[in-house]
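Student:
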Amino acid sequence: MEIIIQPSAEAATSVAARVIARLLREKPDAVIGLATGSTPLLLYRELIRMKLDWRKVTTFNLDEYVGLPKEHPQSYHSFMWENLLGHINIAKKNVHIPDGNTNDIPKFCAKYEKQIRAAGGIDLQVLGIGTDGHIGFNEPTSSLASRTRIKTLTQRTVQDNARFFGSEDKVPHHVITMGIGTIMEARQNLLLAFGPKKARAIAEAVEGPITSVNPASVLQMHPVTKVCLDEEAAAQLQRADYYRWVFDNKPGWQKI
Ligand code: GLP
Numbered sequence: 641m642e643i644i645i646q647p648s649a650e651a652a653t654s655v656a657a658r659v660i661a662r663l664l665r666e667k668p669d670a671v672i673g674l675a676t677g678s679t680p681l682l683l684y685r686e687l688i689r690m691k692l693d694w695r696k697v698t699t700f701n702l703d704e705y706v707g708l709p710k711e712h713p714q715s716y717h718s719f720m721w722e723n724l725l726g727h728i729n730i731a732k733k734n735v736h737i738p739d740g741n742t743n744d745i746p747k748f749c750a751k752y753e754k755q756i757r758a759a760g761g762i763d764l765q766v767l768g769i770g771t772d773g774h775i776g777f778n779e780p781t782s783s784l785a786s787r788t789r790i791k792t793l794t795q796r797t798v799q800d801n802a803r804f805f806g807s808e809d810k811v812p813h814h815v816i817t818m819g820i821g822t823i824m825e826a827r828q829n830l831l832l833a834f835g836p837k838k839a840r841a842i843a844e845a846v847e848g849p850i851t852s853v854n855p856a857s858v859l860q861m862h863p864v865t866k867v868c869l870d871e872e873a874a875a876q877l878q879r880a881d882y883y884r885w886v887f888d889n890k891p892g893w894q895k896i
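For what it's worth, our numbering labels the leading residue of the sequence shown as 641, then goes sequentially.
1) For the putative contact between residue 705 and residue 780, defined by C-beta atoms under 8 Å, what is the C-beta separation to the nearest angstrom?
2) If contact is defined by three or more beta carbon pairs under 8 Å, each pair taking one atom from either stretch, is the stretch 827-844 in contact with the stretch 720-737?
3) Suppose you measure from the CA of residue 754 to the CA of residue 762; what does that come to, to the nearest Å?
4) Could you tell me which residues DSSP puts in a beta bridge with residue 789?
5) Please report the distance separating the alpha-carbon of residue 678 from that of residue 653.
6) Tell me, to the nearest whole angstrom, how far the beta carbon of residue 615 is from that of residue 702; I am working on the premise that it is less than 8 Å.
7) Around the Cβ of residue 863, are there at least 16 other Cβ atoms within 10 angstroms (buried) or fewer (exposed)?
8) For residue 792, count neighbouring Cβ atoms within 10 angstroms of its own Cβ and tell me buried if that reaches 16, exposed if not.
9) Please report the Cβ distance between residue 797 and residue 774, rounded to the nearest whole angstrom; I am assuming they are in contact, meaning their Cβ atoms lie under 8 Å.
10) Mind listing, in chain order, the continuous beta strand (DSSP E) runs of no fewer than 3 residues lying wholly within the stretch 826-896?
11) Whole angstroms is fine: what's the gap from residue 714's alpha carbon to residue 851's?
12) Is the beta carbon of residue 679 within less than 7 Å of some heavy atom of the ligand GLP?
13) Report the start-end ranges of each beta strand (DSSP E) in the stretch 730-769 that is 3 residues or longer and not cut off at the edges.
14) Going by other Cβ atoms of all chains shown within 10 Å of its Cβ, with 16 needed for buried, is residue 809 buried or exposed?
15) For a minimum of 3 consecutive residues, which ranges assigned as the beta strand (DSSP E) are wholly contained in the stretch 656-681?
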């Protein structure tokens with residue numbers, strides 16, 4: 641894992657945006673995995689501002705609520721079109737977001753996995769992290785080998801996401817999410833986390849044991865994962881000074 645600690649969420653986002661911009665320049669038909677939540681909002685704003693060429697890019701979103709109409713303002717379909725996809729020159733046919741209203745969830749999930757494979761696999765997956773360490777909607781104790789499937793949210797995630805829905809009882813309990821095994825197959829992962837609420841989950845994921853109790857900790861087994869943090873999210877890391885030193889002293893060819 642490459643831990644990149646920046647003074648602010650804006651600065652950490654700018655590093656992440658540069659990584660994506662470089663990939664799109666080097667591989668105009670890249671396959672990008674996208675995430676939702678409040679964390680990537682700054683990133684999407686920055687990517688829109690950069691006016692990159694998305695014509696040949698394919699995207700796959702991590703997850704979606706089950707049973708929420710696509711048009712619902714809190715569906716991840718609405719989120720993605722409102723905050724990124726509606727503002728870039730991506731081809732609609734290249735956008736993939738799990739269908740939370742499918743009448744055959746297992747069949748849909750198998751097809752989603754097949755579509756990712758057919759597209760050549762994910763080149764770069766954007767990730768946020770839940771306060772309990774979840775990535776996508778892979779809650780604690782998810783199988784570290786899991787594939788796209790239905791999951792039930794923990795009470796904690798329901799509470800965390802209630803802010804988007806107005807109240808807890810409006811948050812759907814079921815979701816479709818790429819599995820941890822799916823995420824681990826991305827060629828590169830780019831995890832962003834900001835603010836003090838993420839500090840514990842980040843410290844456990846980066847410096848704790850690999851355990852399904854903190855699903856993000858499995859990224860320790862991934863060969864190319866960058867973790868872009870602001871100071872607050874990095875606050876509980878024991879080796880923060882080392883990560884800063886590494887980033888500040890990269891050889892020229894490795895600079896971001
Ligand atoms: C949701 C999403 C995750 C996201 C997490 C954190 O549960 N499914 O992909 O990382 O929330 O959200 P936020 O960025 O709003 O803290």
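For every residue, glycine included, the Cβ atom is placed at its ideal position computed from N, Cα and C.
Note that the structure is a prediction, hence the values are computed from the model and not measured.
Tutor: According to the structure data:
1) In the sequence shown, the residue the question calls residue 705 occupies position 65. In the sequence shown, the residue the question calls residue 780 occupies position 140. Incorrect: roughly 19 Å between the Cβ atoms, too far for contact.
2) no
3) As a working mapping, residue 754 is identified with position 114 in the sequence shown. As a working mapping, residue 762 is identified with position 122 in the sequence shown. Between residue 754 and residue 762, the C-alpha separation is close to 12 Å.
4) Position 149 of the sequence shown, counted from the first residue, corresponds to residue 789. According to DSSP, which records beta bridges pairwise, residue 789 is partnered with 817.
5) The residue labelled residue 678 in the question sits at position 38 within the sequence shown. The residue labelled residue 653 in the question sits at position 13 within the sequence shown. Straight through space, the alpha carbons of residue 653 and residue 678 are spaced by roughly 12 Å.
6) This structure does not reach residue 615, given that the chain is present from 641 up to 896, and the question cannot be answered.
7) For this step, residue 863 is matched to residue 223 along the sequence shown. Answer is exposed; the Cβ neighbour count stays below 16.
8) Stepping through the sequence shown from its first residue, residue 792 is reached at position 152. By the neighbour-count rule (16 or more Cβ atoms within 10 Å), residue 792 is not buried but exposed.
9) Here residue 797 refers to the residue found at position 157 of the sequence shown. Here residue 774 refers to the residue found at position 134 of the sequence shown. Rounded, the Cβ-Cβ distance is 7 Å, consistent with contact.
10) 829-833, 865-870
11) Stepping through the sequence shown from its first residue, residue 714 is reached at position 74. Stepping through the sequence shown from its first residue, residue 851 is reached at position 211. If I take the Cα positions, the gap works out to 30 Å.
12) On the sequence shown, residue 679 is found 39 positions in, with the first residue counted as 1. The answer is yes for residue 679.
13) As summarised for the stretch 730-769, the continuous beta strand (DSSP E) elements at least 3 residues long and confined to that stretch are 764-767, given in chain order.
14) The residue given as residue 809 occupies position 169 in the sequence shown. So residue 809 ends up on the exposed side.
15) 671-674
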